[in-house]
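Colleague: Sharing a structure, written as structure tokens. Questions coming.
Here's what the structure looks like:
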């Protein structure tokens, strides 16, 4: 697990709320990495509203997951945003851009797998 990456997680339709964030990100991914890394694990998110719900805070606390503090509207670049920029550029460079949601999902998965670590 360490030294590798997870599959890209693409949310299906509908917005992401605290419950979805807990069930689809924190429980299956973050908790797993925390278990693999032990006490030196420090979790970083981007302060999105769904990341700051009571449910998310309680889950992180119950799993003894320490979160890195980020000031609101920080100018410090968040590494996860760099992935979005990379994927956006790769999509823009497609000679045949995806037309359907299914095609977009497949292109994103392929580009994610090809992304250098």
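In our numbering, the protein residues as written are 4 to 120. Think of the CB as a built atom: it goes at the ideal place given N, C-alpha and C, for glycine as much as any other residue. This structure is a prediction, so every number in the text was calculated from the model and none was measured.
Would you kindly report the start and end of the unbroken alpha helix (DSSP H) that includes residue 112?
Modeller: Working through the chain shown from its first residue, we reach residue 112 at position 109. Taken as a continuous stretch (DSSP letters only), the alpha helix (DSSP H) holding residue 112 covers 104-117.
Colleague: Going by DSSP, name the residue or residues bridged to residue 60.
Modeller: Here residue 60 is taken as the residue at index 57 of the chain shown, counted from 1. The partner list for residue 60 (beta bridge, DSSP) is empty, contrary to what the question assumes.
Colleague: Going by the beta-carbon positions, is the gap between residue 63 and residue 29 smaller than 9 Å?
Modeller: Locating residue 63 in the chain shown gives position 60, counting from the first residue. Locating residue 29 in the chain shown gives position 26, counting from the first residue. Result yes, Cβ atoms of residue 63 and residue 29 sit closer than 9 Å.
Colleague: Using the beta-carbon count (16 or more within 10 Å), is residue 33 buried or exposed?
Modeller: If you number the chain shown from 1, residue 33 lands on position 30. Residue 33 is buried by the Cβ-count criterion.
Colleague: Going by beta carbon distance, what residues of the same chain come within less than 8 Å of residue 84, once the five residues before and after it are set aside?
Modeller: Position 81 of the chain shown, counted from the first residue, corresponds to residue 84. Contacts found: 49.
Colleague: Cα-Cα, which of 24, 116, 38 and 36 is closest to residue 57?
Modeller: In the chain shown, counting from the first residue as 1, residue 57 sits at position 54. With distances taken between Cα atoms, residue 57 lies closest to 24.
Colleague: Please determine, among 21, 99 and 90, the residue with the shortest C-alpha to C-alpha distance to residue 126.
Modeller: With the chain represented from 4 up to 120, any question about residue 126 goes unanswered, as that position is not in the structure.
Colleague: By a C-beta neighbour count over all protein chains shown, 10 Å radius and 16 as the cutoff for buried, is residue 69 buried or exposed?
Modeller: The count along the chain shown starts at 1 and reaches residue 69 at position 66. Exposed.
Colleague: Which residues does DSSP list as the beta-bridge partners of residue 70?
Modeller: The count along the chain shown starts at 1 and reaches residue 70 at position 67. DSSP lists 46 as partners of residue 70.
Colleague: Expressed to the nearest angstrom, what Euclidean distance is found between the alpha-carbon atoms of residue 72 and residue 47?
Modeller: Translated into positions along the chain shown, residue 72 becomes position 69. Translated into positions along the chain shown, residue 47 becomes position 44. So the two alpha carbons sit approximately 8 Å from each other.
Colleague: Under a three-way DSSP split, which group does residue 18 fall into?
Modeller: Numbered from 1 along the chain shown, position 15 holds the residue referred to as residue 18. Looking at residue 18 - three-state DSSP - the assignment turns out to be coil, as it is neither helix nor strand.
Colleague: Comparing alpha-carbon positions, which option in 92, 19, 87 and 88 lies nearest residue 59?
Modeller: As a first step, residue 59 is located in the chain shown; it is residue number 56 there, counting from the start. With distances taken between Cα atoms, residue 59 lies closest to 19.
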